[in-house]
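**Q** Each residue of the sequence shown is one higher than the one before, counting from 1 in UniProt numbering.
C-beta: ideal position from N, C-alpha, C; glycine also.
Below is a structure I'd like to ask you about.
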Amino acid sequence: MNTAIMESYELEEMVVAEDVQGALLNNEQKEESDYKLAVRHRKPGRRLRLYFCCILFSSLLFATILVLFSSYIFHPSNTKTQSKENVEIELIWTSGFPKLLTETAFRLVDCNSDGILDVILGYGTGVDTLADNQLLCDLYFDGISPCNGGVKALDGRNGQLLWSYNKSNHEVFALNCQRDIDGDHIPDCLTGGRGGTFEAISSKTGSLIWTFDNDIRNATMNFYTPLYLEKDFDNDGVNDVITVHGGDPIRKPHDVVRLAGEVLLISTKTGKLLNMSIVPDRMESYYSPQLLKRSGKEEYILIGTGGETHGGALYALDLKCFREYCATPYTEIIRDRFKGVMTPPVLVDVNDDKIEDIIIPLYNSTLFAFDGKTFKQLWKRTFLSSETYSSPAVGYFNDDDTPDIMIHYQTGPGYPLYYSAQTTILDGLTGKTILDKPIEQTIGVQSSPLTVSFKQRGHDMFIYWMGECDGIDNNVDDRKIDYDKNTPSALLSHADMCKLRYQTTSFTALHGLTQSMKPPGVLIYNSNHHVAIERSTAQSSSIDIKRFLQQHPEHASTYRSWVRLDNYMEGKQTEDPNRPSASDETSGEFALNDENKENTDFRVIRKRHKRHVGPHDNGGLQRTISTGTLAPSFELNSKSTIDLIFATYWIHSDTSTLLHADERACIEEGMAKEEDRLKPTNPIVYGMDHDAYEHYIEEICTNKTRLRETILKISPDLIDQVQTSMSNPFKKQLGQLTVYRFRLRFQNMKCERNDSSTCQVTNENDNLLPYKQQIWPAYMGINGDCHANNRI
Ligand SMILES: [Ca+2]
Ligand SMILES: [Ca+2]
Ligand SMILES: [Ca+2]
Ligand SMILES: [Ca+2]
Numbered sequence: 001m002n003t004a005i006m007e008s009y010e011l012e013e014m015v016v017a018e019d020v021q022g023a024l025l026n027n028e029q030k031e032e033s034d035y036k037l038a039v040r041h042r043k044p045g046r047r048l049r050l051y052f053c054c055i056l057f058s059s060l061l062f063a064t065i066l067v068l069f070s071s072y073i074f075h076p077s078n079t080k081t082q083s084k085e086n087v088e089i090e091l092i093w094t095s096g097f098p099k100l101l102t103e104t105a106f107r108l109v110d111c112n113s114d115g116i117l118d119v120i121l122g123y124g125t126g127v128d129t130l131a132d133n134q135l136l137c138d139l140y141f142d143g144i145s146p147c148n149g150g151v152k153a154l155d156g157r158n159g160q161l162l163w164s165y166n167k168s169n170h171e172v173f174a175l176n177c178q179r180d181i182d183g184d185h186i187p188d189c190l191t192g193g194r195g196g197t198f199e200a201i202s203s204k205t206g207s208l209i210w211t212f213d214n215d216i217r218n219a220t221m222n223f224y225t226p227l228y229l230e231k232d233f234d235n236d237g238v239n240d241v242i243t244v245h246g247g248d249p250i251r252k253p254h255d256v257v258r259l260a261g262e263v264l265l266i267s268t269k270t271g272k273l274l275n276m277s278i279v280p281d282r283m284e285s286y287y288s289p290q291l292l293k294r295s296g297k298e299e300y301i302l303i304g305t306g307g308e309t310h311g312g313a314l315y316a317l318d319l320k321c322f323r324e325y326c327a328t329p330y331t332e333i334i335r336d337r338f339k340g341v342m343t344p345p346v347l348v349d350v351n352d353d354k355i356e357d358i359i360i361p362l363y364n365s366t367l368f369a370f371d372g373k374t375f376k377q378l379w380k381r382t383f384l385s386s387e388t389y390s391s392p393a394v395g396y397f398n399d400d401d402t403p404d405i406m407i408h409y410q411t412g413p414g415y416p417l418y419y420s421a422q423t424t425i426l427d428g429l430t431g432k433t434i435l436d437k438p439i440e441q442t443i444g445v446q447s448s449p450l451t452v453s454f455k456q457r458g459h460d461m462f463i464y465w466m467g468e469c470d471g472i473d474n475n476v477d478d479r480k481i482d483y484d485k486n487t488p489s490a491l492l493s494h495a496d497m498c499k500l501r502y503q504t505t506s507f508t509a510l511h512g513l514t515q516s517m518k519p520p521g522v523l524i525y526n527s528n529h530h531v532a533i534e535r536s537t538a539q540s541s542s543i544d545i546k547r548f549l550q551q552h553p554e555h556a557s558t559y560r561s562w563v564r565l566d567n568y569m570e571g572k573q574t575e576d577p578n579r580p581s582a583s584d585e586t587s588g589e590f591a592l593n594d595e596n597k598e599n600t601d602f603r604v605i606r607k608r609h610k611r612h613v614g615p616h617d618n619g620g621l622q623r624t625i626s627t628g629t630l631a632p633s634f635e636l637n638s639k640s641t642i643d644l645i646f647a648t649y650w651i652h653s654d655t656s657t658l659l660h661a662d663e664r665a666c667i668e669e670g671m672a673k674e675e676d677r678l679k680p681t682n683p684i685v686y687g688m689d690h691d692a693y694e695h696y697i698e699e700i701c702t703n704k705t706r707l708r709e710t711i712l713k714i715s716p717d718l719i720d721q722v723q724t725s726m727s728n729p730f731k732k733q734l735g736q737l738t739v740y741r742f743r744l745r746f747q748n749m750k751c752e753r754n755d756s757s758t759c760q761v762t763n764e765n766d767n768l769l770p771y772k773q774q775i776w777p778a779y780m781g782i783n784g785d786c787h788a789n790n791r792i
């Protein structure tokens, strides 16, 4: 496609065949039947296997059923009710992947056609950089290159690896596995990820169907979750997709936005670009689009623009403008001057007119409900000084007929400077809170809640993550957020907030909450209980240098150079004569308040811009960004069980070996003042996002001249390598990704009044809805398109 015609957001006319909708029927039927779990035979658990490169730990734990909460009992307030709910939690399997991480949604496809939905997830690696990383691939990924990310399918039955696609350019963080693309009747996956990653992968084999590669693809911009349209634009028998190409990870602070978000119409079958549109405000976009239908003829694509530190808007793009000329293809629904629209919404009717409404959290403090029929605001709810990456979940929490909304937000001046986090539930009709008070958390998470839904309204259970500090009671009313502004280290973004603020350790926990439970509800998972499993493959990332060098003699001299440089920096050799004294003008002294000097330093050192593309490492702490998914329990004839599959990961932070102690101290001091970037009174750093600020601090604290001279003197062959990474690649420590499958069993209990010791399970609670009727069982909903799967 000729790029010259892709001007502004005027869309070229396209011819569309009207009679092509039938082509996918078979595939859709196939998807339906996948969800009907005709469980045939439950094979006995196979033995633990060691997988080449990827799985070191994949244990089958049918035998060791872990009942974490066999008799959780809650106390309904002010009632004499004697029946109570019980949730039994059973660990079905775990699967460990060294050196990997995930921020992706999980999608379910029966890849091996055994009647059990399998688990597909995107992943990244701990060595993903925009620059060449062949040495790291050789060291840690057996030479597979690129070694930045991909997609894996795990057998839903036991967590064992079915296939792995490891050739993605960069981390895969978005997945849509709704339709069959290669004609084998098994729905395939479209990916989205960092660094221009957008592919179609066969779900049966894990092989590549196509990768998006043409003039439009920008290798620094991301792709987000693709959206299936209900039309086949190029008449090849497969409905086509819209996806957003956007984000600018190497944008310098104060730069105008150069990489405006692009809305691309792509042929699903071939990956060819059919049409495109640039967002009208020409801001960056980090948004996964949705389709909103008012009627058969009125169809809109929702597109958000803006970022963490740039304003943006939510637009409705009239879908017919992809086929015919429109004077104004975009309708602006809401605009925020300061921060963007990045978080996927929930589309669900809350005003009972049978048209889905838009429940969307803006990154900047406010959750909006817009009428899908008019795009006018129905209600809004502002959480002062908060931000959120979490999509809401939807369910019938209270007893009326309007679905309710669970929302999670973090409070503080801006990412990652949060002092606390809250989770609460809003009445879908009014936006008013249903909970007496929000569920307080010390740290919070970036993942999104899910819902387990039941036949009767008012019984739905929200499942949500909490990020917490050990030994801190968040339910005490006067819990003080005792952040001391005079303690710079309290703001260290790389540090463990729990350690710094409370001298304690951190953990994450997953809870389920129904209307009749006392918050936080029933505990499903607590990271403190799973440390051994989550660290089980950690050793594998330390390499056998001797063996490696025998296999890769070409890296031997690089290795020797790093050893020499390490020894020198660690003082095992003589003092560096080039190292300036503290009074030296050229020293990289940190002086944020010295404005004159600052300005000059800034321009000089900004020339080299080394930004990582991976996620923030958070000091080697456990992360839970990925939102899991519910899955049909494969227990025979069970109406009271449903499964929950999710991942956690942790990664090491790189401890740079090329910095002197004073440089490290300077960086720590600089990072402790990160709040400055949020204050207009600090023009140098004001408006930077976290990454830009961190990079800026690293740059001004590091004496590049001294470093360069040292390297030229000690190990001159490393001079180019050090521009990419200042840490020794041979000493890299990588973390681990762990996938869990839990089974939730819902039961009814009877108790003597107010005496929990008398409670006994009376029967299974078979009011649980089957998986395919669950209202919000996965990130962005059951079909990954943000539409609530709402029962009428
Ligand atoms: Ca299967
Ligand atoms: Ca297929
Ligand atoms: Ca097509
Ligand atoms: Ca409505």
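Tell me the DSSP secondary structure of Trp379 in three-state form.
**A** In this structure, Trp379 counts as strand in the three-state DSSP scheme.
**Q** Taking Tyr409 as part of the beta strand (DSSP E), name the residues at either end of that continuous run.
**A** Unbroken beta strand (DSSP E) run through Tyr409: 404-411.
**Q** Quick one: is the Cβ of Glu356 within less than 7 Å of any heavy atom of ligand 4?
**A** At least one heavy atom of ligand 4 is nearer than 7 Å to the Cβ of Glu356, so yes.
**Q** Three or more beta-carbon pairs under 8 Å between the stretch 102-113 and the stretch 763-770, yes or no?
**A** Counting Cβ pairs under 8 Å, fewer than three are found: no touch.
**Q** Check whether the stretch 89-101 and the stretch 737-756 are in contact - that is, three or more C-beta pairs closer than 8 Å.
**A** Contact holds: three or more Cβ-Cβ distances are below 8 Å.
**Q** Let me know the secondary structure DSSP gives Pro769 once reduced to three states.
**A** The residue asked about is misnamed: residue 769 is Leu in this sequence, not Pro. Coil at Leu769, not helix or strand.
**Q** Would you call the CB atoms of Asp281 and Ala313 closer than 8 Å?
**A** Their beta carbons are under 8 Å apart, which means Asp281 touches Ala313 by this criterion.
**Q** Can you tell me whether Arg706 is buried or exposed, with buried defined as 16 or more other CB within 10 angstroms of its CB?
**A** Burial call: buried.
**Q** Can Lys373 be considered in contact with ligand 4, in the sense that its beta carbon sits closer than 7 Å to one or more heavy atoms?
**A** Indeed, a heavy atom of ligand 4 lies less than 7 Å from the Cβ.
**Q** If the criterion is Cβ atoms closer than 8 Å, does the pair Gln736 and Tyr649 meet it?
**A** Their beta carbons are under 8 Å apart, which means Gln736 touches Tyr649 by this criterion.
**Q** May I have the straight-line CA-CA distance separating Leu450 from Tyr409, to the nearest angstrom?
**A** Approximately 15 Å, taken between the alpha carbons.
**Q** Say whether the stretch 779-788 touches the stretch 213-230, bearing in mind that this needs 3 or more beta-carbon pairs closer than 8 Å, one atom from each stretch.
**A** Flag = yes, the stretch 779-788 and the stretch 213-230 touch.
**Q** Residues around ligand 2, please: the ones whose beta-carbon is closer than 5 Å to some heavy atom of it, in chain order.
**A** This criterion selects Asp180, Asp182, Asp184, Ile186, Asp188.
**Q** Can you tell me whether Phe746 sits near ligand 3, meaning its C-beta is under 7 Å from at least one heavy atom of the ligand?
**A** Answer for Phe746: no, Cβ out of range of ligand 3.
**Q** For the stretch 150-163 and the stretch 199-218, state whether three or more C-beta atom pairs, one from each stretch, are separated by less than 8 Å.
**A** The stretch 150-163 is in contact with the stretch 199-218.
**Q** Since Phe173 contacts Glu103 with CB under 8 Å, what's their CB separation in whole angstroms?
**A** Contact holds; Cβ gap of about 4 Å.
**Q** Among Thr402, Asp318, Phe383, Lys455, which one has its Cα closest to the Cα of Lys772?
**A** The shortest C-alpha separation from Lys772 is found at Lys455.
**Q** Taking the runs of the beta strand (DSSP E) that are 3 residues or longer, which of them lie wholly in the stretch 301-368?
**A** Fully enclosed beta strand (DSSP E) runs of 3 or longer: 312-318, 330-336, 346-348, 357-361.
**Q** Look at the alpha carbon of Asn235 and the alpha carbon of His552, and state the distance between them as a whole number of angstroms.
**A** Answer to the nearest angstrom: the Cα atoms are 50 Å apart.
**Q** Sort out for me which residues DSSP pairs His511 with in a bridge.
**A** Answer is Tyr464, Leu523, bridged to His511.
**Q** Check the DSSP bridge columns for Ser95 and list the partner residues they point to.
**A** Per DSSP, Val739.
**Q** Just to confirm my understanding: we take Ala556, look at its own chain, exclude 5 residues before and 5 after, and list those with CB closer than 8 Å. What are they?
**A** Leu549, listed in sequence order.
**Q** Determine the extent of the alpha helix (DSSP H) in which Glu663 is found, giving its start and end residues.
**A** First-last of the alpha helix (DSSP H) with Glu663: 661-672.
**Q** Is there contact here, the stretch 663-673 with the stretch 393-402, by at least three beta-carbon pairs under 8 Å?
**A** Touching, no.
**Q** Which residue from Gly428, Val238, Tyr389, Ser756 puts its Cα closest to that of Phe397?
**A** Residue Gly428 is the option with its Cα nearest to Phe397.
**Q** Which residues does DSSP list as the beta-bridge partners of Glu85?
**A** Per DSSP, Asn748.
**Q** Would you say the stretch 302-320 touches the stretch 678-696, given that touching needs at least three Cβ pairs under 8 Å?
**A** They touch, by the three-pair rule.
**Q** Pull the bridge partners of Pro632 from the DSSP assignment, please.
**A** In the DSSP output, where bridge partners are listed per residue, Pro632 has Ile642.
**Q** Expressed to the nearest angstrom, what Euclidean distance is found between the alpha-carbon atoms of residue 808 and Leu630?
**A** Look at the range of the chain in this structure, 1 to 792, and you will see that residue 808 is not part of it.
**Q** What residue range does the alpha helix (DSSP H) around Asn567 cover?
**A** 556-569 is the extent of the alpha helix (DSSP H) around Asn567.
**Q** Specify, as a first and last residue, the run of the alpha helix (DSSP H) that Phe173 falls within.
**A** First-last for Phe173: 172-179, but that is the beta strand (DSSP E), not the alpha helix (DSSP H).
**Q** Should Pro345 be labelled buried (16 or more other beta-carbon atoms within 10 Å of its own) or exposed?
**A** Buried.
**Q** For the candidate residues Ile684, Thr738, Leu659, whose alpha-carbon lies nearest to that of Cys701?
**A** The shortest Cα separation from Cys701 among Ile684, Thr738, Leu659 belongs to Leu659.
**Q** Measure the C-alpha to C-alpha separation of Tyr779 and Ser391 and round it to an integer number of angstroms.
**A** Each residue's alpha carbon lies about 8 Å from the other.
**Q** Kindly identify the DSSP beta-bridge partner or partners of Trp210.
**A** Ala200.
**Q** On the CB-based measure, 16 or more other CB atoms within 10 Å of its CB, does Ala131 come out buried or exposed?
**A** When all chains shown are included, Ala131 counts as exposed.
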